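Residue numbers (the working numbering): 13 to 346. Positions of the beta carbon are idealized from the N, C-alpha and C atoms, including for glycine. All values reported here derive from a predicted model rather than from experimental measurement.
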């Protein structure tokens, strides 16, 4: 059975596009609170699981040694837009551990923020790895290595000690065995593992509640989630969905996107974790799906519910400002 159609895109009076997908909402004990589609199928979370990957930075003591606050921890969990503040903070994180941009192994690309990109194109010959949307995460990796006395060279490799630590963390959180058979290479060159959607949501619920975690991991998990909620700009950037969703309900929503239509989220007060995948990898549909899923857990008619519902169902206008259609979630979310 194919996954259900969760998002429709209209043009005029007709449906022009349909997006199928799956959604899992799980509590800290592993109970499914809401689901759509096949939640047992493995998906690559890509960047949506960066908060999990950031745990060695906190658990090792590196974050405290280098004086990292909420902004640095949020950037370590980010897919930032390469805006000036993001780039400068990533450089600062590296500097505190005695490194510079040369230590980064994530590759380089231009900013995804149009205003910033135009400025960069006018002032830079080419971007550096600091402009990579994953530079904050990689800076965190390097800091964790330096603090533990691990050579950071080759830290992106499957067999590097840091990647082994991250693999152990993710297995502990999700309960899913992770090895070569479910491993791919992410856009920033580190290993990425296909995890059942339900297990991924459960892992984030455990981070939010501490259920099934040792006291130090529970504390570190809460610290990372709270840092991201406190500094949503450093998790993504200007106009980005992750930042906007967390700003709608400050301190009440954690949200993180991943490539190819994946989102993970947490609603701490409800003790639930969310993981979803748009089958065709379309960002516009995944953003509508996560907004609609989050809205289910806020009071109908309330400010947060209204704003989230508006993100899940929005109009499309062309370059002349003419309304041409809508992006809307289906009755599956009713």
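Which of helix, strand or coil does DSSP assign to residue 296?
The answer is helix: DSSP assigns residue 296 an H, G or I state.
Note the first and the last residue of the continuous alpha helix (DSSP H) segment covering residue 230.
Taken as a continuous stretch (DSSP letters only), the alpha helix (DSSP H) holding residue 230 covers 227-242.
Decide yes or no for the touch test of the segment 186-199 against the segment 54-62: beta carbon pairs closer than 8 Å, at least 3 of them.
Touching, yes, given that three or more Cβ pairs across the two stretches are closer than 8 Å.
Please report how far the alpha carbon of residue 340 lies from the alpha carbon of residue 162, in whole angstroms.
If I take the Cα positions, the gap works out to 49 Å.
Going by C-alpha distance, which of 176, 256, 119 is nearest residue 68?
Closest by alpha carbon: 176.
Would residue 54 and residue 209 qualify as a contact pair, given that the criterion is a beta-carbon distance under 9 Å?
For residue 54 and residue 209, yes; Cβs fall inside 9 Å.
Would the segment 287-307 and the segment 209-219 be scored as touching if the rule is three or more Cβ pairs under 8 Å?
Output reads yes: the segment 209-219 touches the segment 287-307.
Tell me the residue span of the alpha helix (DSSP H) that contains residue 254.
Counting along the chain, the alpha helix (DSSP H) containing residue 254 begins and ends at 253-260.
Do residue 95 and residue 128 have their C-beta atoms within less than 9 Å of each other?
Yes, these two residues count as a Cβ contact at 9 Å.
Around the C-beta of residue 252, are 16 or more other C-beta atoms found within 10 angstroms, so that it is buried, or is it exposed?
So residue 252 ends up on the buried side.
Is residue 220 closer than 9 Å to residue 152 when the C-beta atoms are compared?
Their beta carbons are not under 9 Å apart, which means residue 152 does not touch residue 220 by this criterion.
Would you call the CB atoms of residue 188 and residue 211 closer than 9 Å?
Result yes, Cβ atoms of residue 188 and residue 211 sit closer than 9 Å.
Which class does residue 200 belong to by DSSP, given the choice of helix, strand or coil?
If DSSP states are grouped into helix, strand and coil, residue 200 belongs with coil.
Can you look up residue 334 in the DSSP assignment and give me helix, strand or coil?
Looking at residue 334 - three-state DSSP - the assignment turns out to be coil, as it is neither helix nor strand.
Check residue 328 in the structure and name its three-state DSSP category.
Residue 328 falls in the strand class under three-state DSSP.
Tell me the rounded alpha-carbon separation between residue 329 and residue 24.
The straight-line gap from Cα to Cα measures roughly 12 Å.
Measuring straight from C-alpha to C-alpha, what distance separates residue 323 and residue 150?
For residue 323 and residue 150, the distance between alpha carbons rounds to 31 Å.
Where do the N-terminal and C-terminal ends of the beta strand (DSSP E) with residue 39 fall, by residue?
Start and end: 26-39.
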